[in-house]
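**Q** Residue numbers (the numbering used here): 25 to 589.
From the three backbone atoms N, C-alpha and C, an ideal C-beta is built for every residue, glycine too.
As the structure is a computational prediction, the values presented were derived from the model and not from experiment.
This structure is in structure tokens; I'll ask about it shortly.
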Amino acid sequence: MSTTATSGSLGRKLTLIIILVFGLYLLLASFFAYLVYSQYVGLTGATGRHFERAMIAGELTRDAETIAGEVYELLAGNDISVSTVNSRVANLAGIYQATRKRLEQLGELSDSDRMALDKWQTPFFSSLDKLNERLRAEQELQAIQQQQMDELFLMLRQLTELETVARDLPLPEQHFIGHALAALGYTAAVFSAERPGHLINLERFSDARLQVLAGLELTHAPAVALRARLQQLLPMIFEQRRPLLRHARATLATARETRVLAQKLTSATFSYHQRLKASAEKALQQQQRLMGRSMSVLLAALVLLVITTLMALLYIRRSIIQRINRLSRAMQAHGRGEPEPIPVNGDDEISRMGKTFAFFVDARQRAEQQLALANKELQSMNAALQRLSEIDDLTQIANRRCFDRHLEAEWRRAVREQRSLGLIMGDIDYFKRFNDEYGHQQGDECLFHVAQALAGELHRQGDMVARYGGEEFIVVLPEQDLWQTRHVAECLLNAVRELNIAHSRSEHQRVTLSLGVVAMVPGQYDRIEDMVARADKALYAAKEKGRNGLCVAPPECRTGQSQPV
């Protein structure tokens, strides 16, 4: 019962922590949503209409300024068109009226505000209509003036043509050309004259030239026709210029009046816009104070939530994460084979995991110890088997099979590296007589002592002595030339002599050896069997010599040849 109750203790704690934190988050989110909604409703109800009215009033002010600016632009332009004026001003006035209608539909437009707007709106649009009429009349006069300018240009071209042939014309015609050009110049200056006094002076100068032209006796028909046309057109131009100047001054006065009315209308709409803007800002400030109090409450709730969350995270870190990390590090260390204490304190899920892992670690360690003992026994058995397969039981040196494998490896290395390889083959002198005289048991002991003495003279890695068969021994010496191999052979002879094993049936009265020595640098086409055969022939030559010595097979000596020493 207690196990069941405690098994879920950690889970219950985590569940309660999650429910608490999530509940606080949900409560805070709900409060925040309610706060946002209430602020939205309050802001819309308190400032929505104020801001909308202020925006529409701002649009009304902008429309009035746009209409005035359009009028100024049209007056300042060089290509004034009455139809264009009427169309663009009518469109702008329609926009202004539509904005004014939207403002009135919202209601709450006081009588004083309506009167202030109507006070300047009606005179302003009346002034616009008057300005349109002025512009239309001025444009008609300008059209007539443009036709007169075209006729002046044609007459100037005719005078230019007469001037090209002036030398062939009579003297009155030549004088005619100069006075006619002067009259045309005075008249053309009229189109740029703006003051009445300037216009009177130009007319007097032009009349003087026309009187001179009238007194000339012309006989050339084109000149006569041209003089008649000048006398008709030039006075007409001066007469037409005076009403045009009067209309221009009247149009300018009307434009100034329109400008003043536009400024007053713009000022009225702007004042109304400023009042609405101040009202909207006041409502906005009240709403901001309410939002500030709400944000304070929200901030306090947020601080409480953060503290609760931090406490929950601290508890989870200390009670769960750190313990799990310690258990994980212990598991990883044991996985790498490193001893590490396993945390098992407590009575919850994590401690039970640690105890379970500790149980498996103990079981594994016991199994590893048993496996190590089994491996050690197996290695001992393998070593024994290896020893039995490669060591001669009687002499405790390498047997022939081991020697053949070692000789083949050293032979391949010598061929690959082109290094010398030495070989000594030996035989105990008169060993059969020794067995017959002292018995086989003494013969076995003699073989053992001789083998150990030979092995005791080899000190380099790779050197090997082996029992080749019966009383025969063979020695391999890697990287030894003939002289070095012979030196080792002499040491072997002395080592056996120093054993001083009695042999009554030998002429030397002790056990001795006969050795065959050979050394060579094996080539690719040489064979191991040939080298062994050469050593055997050298051994045979040493026995023929009288035993207790050695015989060297020189490098140039082949099978069947030897050099006794």
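Quick one: measure Cβ to Cβ for His527 and Phe458, integer angstroms, because I've assumed they're closer than 8 Å.
**A** Within the sequence shown, numbered from 1, the residue matching residue 527 stands at position 503. Within the sequence shown, numbered from 1, the residue matching residue 458 stands at position 434. The pair is a contact, with the Cβ atoms about 6 Å apart (cut-off 8 Å).
**Q** Since Tyr564 is in the alpha helix (DSSP H), which residue starts that stretch and which ends it?
**A** Within the sequence shown, residue 564 is the residue found at index 540, counting from 1. Ile552 to Lys569 is the span of the alpha helix (DSSP H), which, as asked, contains Tyr564.
**Q** Where Leu44 and Gln309 are concerned, what is the direct C-alpha to C-alpha distance, given to the nearest angstrom?
**A** Indexing the sequence shown from 1 puts residue 44 at position 20. Indexing the sequence shown from 1 puts residue 309 at position 285. Cα to Cα, Leu44 sits roughly 38 Å from Gln309.
**Q** Could you check what DSSP says for Ser26 in three-state terms: helix, strand or coil?
**A** The residue given as residue 26 occupies position 2 in the sequence shown. In this predicted model, Ser26 has a pLDDT of only 43, less than 50, meaning its place in the structure is not dependable; the value taken from the coordinates is given anyway. The answer is helix: DSSP assigns Ser26 an H, G or I state.
**Q** How about Leu447 and Val542: do their beta carbons lie closer than 8 Å?
**A** Counting from one through the sequence shown, the residue named residue 447 turns up at place 423. Counting from one through the sequence shown, the residue named residue 542 turns up at place 518. Contact: yes.
**Q** Is the beta carbon of Val189 sitting closer than 8 Å to the one on Arg265?
**A** In the sequence shown, residue 189 corresponds to position 165, counting from 1. In the sequence shown, residue 265 corresponds to position 241, counting from 1. Contact flag unset, no.
**Q** Tell me, which residues are paired with Met449 by DSSP?
**A** Locating residue 449 in the sequence shown gives position 425, where the first residue counts as 1. DSSP lists Ile498 and Gly540 as partners of Met449.
**Q** Within the continuous alpha helix (DSSP H) that includes Tyr462, where are the two ends?
**A** Here residue 462 corresponds to residue number 438 of the sequence shown, with the count starting at 1. Note, Tyr462: alpha helix (DSSP H), Phe455 to Tyr462.
**Q** Grab the span of the alpha helix (DSSP H) containing Ala526 for me, first residue to last.
**A** One-based indexing of the sequence shown puts residue 526 at position 502. Segment: none, Ala526 is in no alpha helix (DSSP H) and carries neither H nor E.
**Q** Please report how far the alpha carbon of Thr28 lies from the alpha carbon of Ala398, in whole angstroms.
**A** Taking the first residue of the sequence shown as position 1, residue 28 is located at position 4. Taking the first residue of the sequence shown as position 1, residue 398 is located at position 374. Because the pLDDT of Thr28 is 42, which lies under 50, any placement of that residue in the model is unreliable, and the question is left without a value.
**Q** What does the alpha-carbon distance come out to for the pair Leu226 and Ile261?
**A** Stepping through the sequence shown from its first residue, residue 226 is reached at position 202. Stepping through the sequence shown from its first residue, residue 261 is reached at position 237. C-alpha separation (whole angstroms): 11 Å.
**Q** How would you write the range of the beta strand (DSSP E) that Gly493 sits in, first residue to last?
**A** Against the sequence shown, residue 493 aligns to sequence position 469. Segment Met488 to Gly493, the beta strand (DSSP E) holding Gly493.
**Q** By Cβ distance, which residues of its chain are closer than 8 Å to Leu473, with the 5 residues on each side in sequence left out?
**A** Numbered from 1 along the sequence shown, position 449 holds the residue referred to as residue 473. It should be pointed out that residue 473 corresponds to His in this sequence rather than to Leu. Cβ neighbours of His473 beyond the five flanking positions: Leu523 and Ile525.
**Q** If you draw a straight line from the alpha carbon of Tyr339 to that of Glu373, how long is it in whole angstroms?
**A** On the sequence shown, residue 339 is found 315 positions in, with the first residue counted as 1. On the sequence shown, residue 373 is found 349 positions in, with the first residue counted as 1. Roughly 16 Å separates the two Cα atoms.
**Q** Can you check whether the CB of Ala438 is closer than 8 Å to the CB of Val545?
**A** Taking the sequence shown and counting its residues from 1, the one referred to as residue 545 is at position 521. Taking the sequence shown and counting its residues from 1, the one referred to as residue 438 is at position 414. Yes; because the gap between Cβ atoms is below 8 Å, this pair is in contact.
**Q** Rounded to whole angstroms, what's the CA-CA distance from Leu165 to Ala302? Just pull it up for me.
**A** Along the sequence shown, read from residue 1 onward, the residue named residue 165 stands at position 141. Along the sequence shown, read from residue 1 onward, the residue named residue 302 stands at position 278. When rounded, the distance between both Cα atoms is 51 Å.
**Q** To the nearest angstrom, report how far apart Asp103 and Gln170 are at their CA atoms.
**A** Residue numbering aside, residue 103 sits at position 79 when the sequence shown is read from its first letter. Residue numbering aside, residue 170 sits at position 146 when the sequence shown is read from its first letter. Reliability of the predicted coordinates at Asp103 is poor, the pLDDT of 47 falling under 50, and no value is obtained from them.
**Q** Tell me the rounded alpha-carbon separation between Arg510 and Ile421.
**A** Start at 1 with the first residue of the sequence shown, and residue 510 comes out as number 486. Start at 1 with the first residue of the sequence shown, and residue 421 comes out as number 397. Those two C-alpha atoms are separated by around 22 Å.
**Q** Rounded to the nearest angstrom, what separates Leu50 and Leu329 at their Cα positions?
**A** Taking the first residue of the sequence shown as position 1, residue 50 is located at position 26. Taking the first residue of the sequence shown as position 1, residue 329 is located at position 305. Rounded to the nearest angstrom, the two C-alpha atoms are 10 Å apart.
**Q** Would you kindly report the start and end of the unbroken alpha helix (DSSP H) that includes Val576?
**A** Counting from one through the sequence shown, the residue named residue 576 turns up at place 552. Taken as a continuous stretch (DSSP letters only), Val576 belongs to no alpha helix (DSSP H), being part of the beta strand (DSSP E) at Gly573 to Ala577.
**Q** Applying the 10 Å Cβ sphere with the 16-neighbour rule, what's the burial state of Thr39?
**A** Working through the sequence shown from its first residue, we reach residue 39 at position 15. When all chains shown are included, Thr39 counts as exposed.
**Q** Quick check: is any heavy atom of the ligand HEM less than 7 Å from the C-beta of Val520?
**A** For the structure depicted, the ligand HEM is absent and the ligand set is empty, with no information on it obtainable.
**Q** Starting from Leu242, trace the alpha helix (DSSP H) both ways and give me its first and last residue.
**A** The count along the sequence shown starts at 1 and reaches residue 242 at position 218. Unbroken run through Leu242: none, as it is neither H nor E.
**Q** Assign Pro365 to buried or exposed, taking buried as 16 or more other Cβ atoms, counted over all protein chains shown, within 10 Å of its Cβ.
**A** Indexing the sequence shown from 1 puts residue 365 at position 341. So Pro365 counts as exposed.
**Q** With distance defined between alpha-carbon atoms, name the residue in Thr85, Glu401, Glu495 and Ala252 nearest to Ala122.
**A** Within the sequence shown, numbered from 1, the residue matching residue 122 stands at position 98. Out of Thr85, Glu401, Glu495 and Ala252, Thr85 has the C-alpha closest to the C-alpha of Ala122.
**Q** By the 10 Å Cβ neighbour count, where 16 or more other Cβ atoms means buried, how is Pro267 classified, buried or exposed?
**A** In the sequence shown, the residue the question calls residue 267 occupies position 243. Exposed, since its Cβ has fewer than 16 Cβ neighbours within 10 Å.
**Q** When we look at the beta-carbon of Val576 and count the other beta-carbons within 10 Å, is it buried (16 or more) or exposed?
**A** Position 552 of the sequence shown, counted from the start, is the residue given in the question as residue 576. That one is buried.
**Q** Please return the same chain residues whose Cβ sits closer than 7 Å to the Cβ of Glu469, not counting the five positions on each side in sequence.
**A** Taking the sequence shown and counting its residues from 1, one reaches residue 469 at position 445. Correct list: empty, nothing qualifies.
**Q** Determine the burial state of Pro367: buried for a count of at least 16 other Cβ atoms within 10 Å of its Cβ, exposed for fewer.
**A** Position 343 of the sequence shown, counted from the start, is the residue given in the question as residue 367. Its Cβ being crowded by 16 or more others within 10 Å, Pro367 is buried.
**Q** In angstroms, rounded to a whole number, what distance separates the CA positions of Gly202 and Ala249?
**A** Counting from 1 along the sequence shown, the entry for residue 202 is found at position 178. Counting from 1 along the sequence shown, the entry for residue 249 is found at position 225. Going from the Cα of Gly202 to the Cα of Ala249 covers about 16 Å.
**Q** Between Phe497 and Arg360, what straight-line distance do the alpha-carbon atoms span, to the nearest angstrom?
**A** As a working note, residue 497 is residue 473 in the sequence shown. As a working note, residue 360 is residue 336 in the sequence shown. Taking the straight line joining both Cα atoms gives about 51 Å.
**Q** With Tyr210 and Arg181 assumed to form a contact (beta carbons below 8 Å), what rounded beta-carbon distance in angstroms separates them?
**A** Reading the sequence shown from its first residue, position 186 is the one you call residue 210. Reading the sequence shown from its first residue, position 157 is the one you call residue 181. Actually they are not in contact, since the Cβ atoms of Tyr210 and Arg181 sit about 18 Å apart, beyond 8 Å.
**Q** Helix, strand or coil: which one does DSSP assign to Ala217?
**A** By 1-based counting over the sequence shown, the position of residue 217 is 193. DSSP places Ala217 in coil when its eight states are reduced to three.
**Q** Counting only the same chain and skipping the five closest in sequence on each side, list residues whose C-beta sits under 6 Å from that of Glu157.
**A** Residue mapping note: residue 157 aligns to position 133 of the sequence shown, counting from 1. Correct list: empty, nothing qualifies.
**Q** Check Arg534 in the structure and name its three-state DSSP category.
**A** Translated into positions along the sequence shown, residue 534 becomes position 510. Of the three classes helix, strand and coil, the one that applies to Arg534 here is strand, per DSSP.
**Q** If I'm right that Ala382 touches Ile41 with Cβ under 8 Å, what's the distance once you round it to whole angstroms?
**A** Position 358 of the sequence shown, counting from 1, holds the residue named residue 382. Position 17 of the sequence shown, counting from 1, holds the residue named residue 41. Between Ile41 and Ala382 the Cβ distance is about 28 Å, and since that is not below 8 Å, they are no contact.
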